[in-house]
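Worksheet: one structure, shown below.
Next up, the structure:
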């Protein structure tokens, strides 16, 4: 069975495209005369549109907000994330303002207080989220009263414990004193008895 012959191809040294080998010279003449490779992106651009392509696609542009010159490819990122004059929203009062002023504004704005409708306490705006996650919903008066009740209950429990009566302590002291005196008397009596016995032996 006969096989169809495939025409060989060659790579154009100007545009790097594969073209039939029989047409490569003609293609090269036409390609180099009419097309130009963009030095930035490598696309083949008609020579008459090369400058327009560069200006509209690659030339640095000036930011309309801060006047900083940036690459055209990064302009959207600059406008959305980096431009100091881009408009941002304060997380506390939702006021739109330039990003360069946000930190100073939020330092002041976050120090303002608002009434918590659950516990009736005034909370700084910058601590509002943490407070809302831990707020028990009880006013300060109730919390204080609960704390006072707990203290009072502990005191009452302490008062109910059996205590040593003052009379028992006095009786114990008298008992110990009596033992001490008796011991001293025994020692002295023994001492005098021995002296008396010794003096009788000498006579």
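Residue numbers (our numbering): 532 to 734.
In this text, a Cβ means the ideal position worked out from N, Cα and C, and glycines have one as well.
When the Cα atoms are used, what is the spatial distance from residue i to residue j?
i, j, result
"residue 570", "residue 589", "10 Å"
"residue 543", "residue 580", "21 Å"
"residue 585", "residue 623", "44 Å"
"residue 636", "residue 630", "10 Å"
"residue 722", "residue 714", "12 Å"
"residue 582", "residue 632", "39 Å"
"residue 664", "residue 658", "10 Å"
"residue 566", "residue 555", "15 Å"
"residue 634", "residue 628", "11 Å"
"residue 648", "residue 666", "10 Å"
"residue 716", "residue 709", "11 Å"
"residue 576", "residue 595", "29 Å"
"residue 725", "residue 707", "28 Å"
"residue 507", "residue 625", "Absent from the structure is residue 507, since the part of the chain shown begins at 532 and ends at 734."
"residue 719", "residue 711", "12 Å"
Considering only C-alpha positions, which residue in the set the options is nearest to residue i?
i, options, result
"residue 538", "546, 557, 551, 545", "551"
"residue 617", "599, 643, 660", "599"
"residue 610", "719, 621, 597", "597"
"residue 650", "626, 669, 657, 702", "669"
"residue 640", "715, 554, 661, 621", "621"
"residue 568", "711, 555, 548, 608", "548"
"residue 587", "603, 557, 572", "603"
"residue 553", "562, 574, 540", "540"
Using DSSP with H/G/I as helix, E/B as strand and the rest coil, what is residue i?
i, result
"residue 563", "helix"
"residue 695", "Because residue 695 sits at a pLDDT of 48, beneath the cut-off of 50, its placement in the model cannot be relied upon, and the following sentence gives the value as read from the coordinates. Here residue 695 sits in coil by DSSP."
"residue 628", "strand"
"residue 538", "coil"
"residue 655", "strand"
"residue 707", "helix"
Assuming residue i contacts residue j under a Cβ cut-off of 8 Å, what Cβ separation, rounded to an integer in Å, is found between them?
i, j, result
"residue 645", "residue 656", "6 Å"
"residue 545", "residue 562", "5 Å"
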